[in-house]
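Worksheet: one structure, shown below.
There are 2 protein chains.
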Amino acid sequence: MARTQGSFSDVTGPRIHAAAQALFARHGYAAVSMRQIAGEVGVQAGALYNYTPDKQSLLVALMRAHMDELLSTYAAEDVPDDPCAALRHFVRFHIRFHLPRHDAVFIAYMELRNLSPENFTVIEALRRDYETHLETILRSGNGTSVFDVRDTKLTTLAIIAMLTEITTWYREGGRLAQAEVEEIYLALVCRMVRGAEGG
Amino acid sequence: MARTQGSFSDVTGPRIHAAAQALFARHGYAAVSMRQIAGEVGVQAGALYNYTPDKQSLLVALMRAHMDELLSTYAAEDVPDDPCAALRHFVRFHIRFHLPRHDAVFIAYMELRNLSPENFTVIEALRRDYETHLETILRSGNGTSVFDVRDTKLTTLAIIAMLTEITTWYREGGRLAQAEVEEIYLALVCRMVRGAEGG
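Heads up: the sequence lines are chains A and B, in that order. What the first sequence shows, in UniProt numbering, is residues 1 to 199, in sequence order. What the second sequence shows, in UniProt numbering, is residues 1 to 199, in sequence order.
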């Protein structure tokens, strides 16, 4: 079965990423070997090194792909100008992007400790970029009567933390439908930041 | 150096817990061996089994000790009757208890996946007990004009998530002192839940 490097890579690359993501999320990065990942994909351990020089590169590639997708998806969104509408849009976007990506979210938070210092700097910068989108919305309505936010940085972290945590407990078919969860968190976030004339 | 079983256990037990906690937090439960824990404590691997039958027992003992300490410390607090004051008390308590326990908090959230089903049930029940303290406060002020909370369960989870996340970034000597961080989060939480006449 002769295959070109290109087509082999196209199919196997994503399968390696998917296998690594599932195994890292289940067992933790440090407990997973390259051999295990190869076994999950159904290739020889040696073949894995055609795609990635080592496990660290695989980890940072996964985390980077997650952050890149988050940032590019948000960049393609039609964000309203009005600060209140932009905040509501952000809350819905954050929940909808993260809920179906439980494993990626888990790794993104848990395995920061296992990144090399250089890789940590790269991922941290991407996280800051995302946080800056929310902080910019808060700043844009702050100082007017729309928002009344004492510390836009901490409020950004608080909002992202409470929204991301939904991924740890939300299950389809539970007490509340996703749309209801979104409405409840929207109301909580809006109340956290609203000024005298905020919506 | 003859030592009684009692004194040996008194000294070594806590050292085993401390070593396991540090290693689990650093590398993840699945990546740490009983041999590594023994090495960190400075005892033979075999000696470890005098204190704990296996690694799973050590993990659940750590998580249980953390939750037991959280619940007993809260139970000893003088919680105000007024719902607003009780909520403010809870926020301060949660931040002050969790900030100095970074490793225990990290393990409590991250290693739930590695608990056996029976142990997971035990730890989940303790977490629910703690969440119920906050939900009871929210319910006690809800339906009056003090609080206006649409879903006390989700609001409980949101508050605990945003407060616990502080442990991931707060460092002494940073931009804000702990007292300032507490004040900012107190204000955010109070605004999330307050009714027409809330403080």
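Ideal Cβ placement from N, Cα and C applies to all residues, glycine included.
A distance below 7 Å between beta-carbons, with the five flanking residues on each side excluded, links residue 139 (chain A) to the following residues of its chain, in chain order: 152.
Taking a C-beta distance under 7 Å as the contact criterion, residue 159 (chain A) and residue 86 (chain A) do not qualify as a contact pair. Taking 9 Å as the upper bound on Cβ-Cβ separation, chain A lies near residues 158, 159, 160, 161, 162, 163, 164, 165, 166, 168, 169, 175, 176, 180, 181, 183, 184 and 185 of the stretch 158-186 of chain B. The beta carbons of residue 120 (chain A) and residue 193 (chain A) sit no closer together than 7 Å.
Rounded to the nearest whole angstrom, the CA to CA distance from residue 166 (chain A) to residue 36 (chain B) is 35 Å. Residue contact check for residue 195 (chain A) against chain B: no CB pair falls below 7 Å. For the pair residue 168 (chain A) and residue 102 (chain A), the Cα-to-Cα distance works out to about 8 Å.
The beta carbon of residue 17 (chain A) sits closer than 8 Å to the beta carbons of 58, 61, 62 and 65 from its chain, once the five residues preceding and following it are set aside; these are given in chain order.
Taking a cut-off of 8 Å for Cβ pairs, the stretch 30-48 of chain A and the stretch 41-52 of chain B do not touch, as fewer than three such pairs fall below it. When C-alpha distances from residue 164 (chain B) are compared across A:170, A:70 and A:154, the shortest belongs to A:154.
Put simply, the backbone Cα of residue 15 (chain A) is about 6 Å away from that of residue 41 (chain A). Here DSSP, grouped into helix, strand and coil, assigns residue 191 (chain A) to helix. Residue 147 (chain A) has A:142 and A:194 as its beta-bridge partners, per DSSP.
Chain B has a Cβ within less than 7 Å of the Cβ of residue 191 (chain A). Contact note: residue 42 (chain A) does not reach chain B at a C-beta cutoff of 9 Å; the least C-beta distance is about 23 Å. In summary, residue 104 (chain B) is buried, with 16 or more beta-carbon neighbours lying within 10 Å of its beta-carbon over all protein chains present.
If you compare the alpha carbons of A:24, A:187, A:177 and A:31 with that of residue 109 (chain A), the shortest gap goes to A:24. Counting C-beta atoms within 10 angstroms of its own C-beta, residue 135 (chain B) has 16 or more neighbours from the protein chains shown and is therefore classed as buried. Cβ neighbours of residue 100 (chain B) within its own chain (closer than 6 Å, five residues either side excluded): none. Cβ-Cβ distances below 7 Å link residue 70 (chain B) to 97 and 130 in the same chain, with the five nearest sequence neighbours on each side left out; the list follows chain order. Going by DSSP, residue 59 (chain A) is part of the alpha helix (DSSP H) stretching over 55-75. In the DSSP assignment, residue 40 (chain A) falls within the alpha helix (DSSP H) that extends over 34-41.
In this structure residue 195 (chain A) is not in contact with residue 156 (chain A), their Cβ atoms being roughly 17 Å apart against a cut-off of 8 Å. In this chain, the alpha helix (DSSP H) harbouring residue 83 (chain B) covers 83-98. Under the Cβ distance rule, residue 110 (chain A) counts among the residues neighbouring chain B, one pair being separated by less than 7 Å. Residue-level contact check: residue 94 (chain A) does not touch chain B, since none of the beta carbons of chain B fall below 7 Å from its beta carbon.
Interface flag for residue 54 (chain B) against chain A is unset, since no Cβ pair is found closer than 7 Å. Identification of chain B residues near residue 28 (chain A) by a Cβ-Cβ cut-off of 9 Å yields 27, 28, 29, 30, 31, 110, 111, 113 and 114, ordered along the chain.
Against chain A, the beta carbon of residue 155 (chain B) has neighbours under 9 Å at 184 and 188, listed in chain order. Not a single CB atom of chain B sits nearer than 7 Å to the CB of residue 15 (chain A).
Below the 8 Å Cβ cutoff, chain A contributes 184 and 187 as neighbours of residue 150 (chain B), in chain order. Residue 141 (chain B) sits away from residue 80 (chain B), with the two beta carbons spaced by 7 Å or more. Within its own chain, the residues whose Cβ lies closer than 6 Å to the Cβ of residue 149 (chain A), once the five positions on either side in sequence are excluded, are 138, 142, 155 and 193, listed in chain order. Less than 7 Å separates the beta-carbon of residue 31 (chain A) from that of residue 30 (chain B). Boundaries of the alpha helix (DSSP H) around residue 109 (chain A): 102-110.
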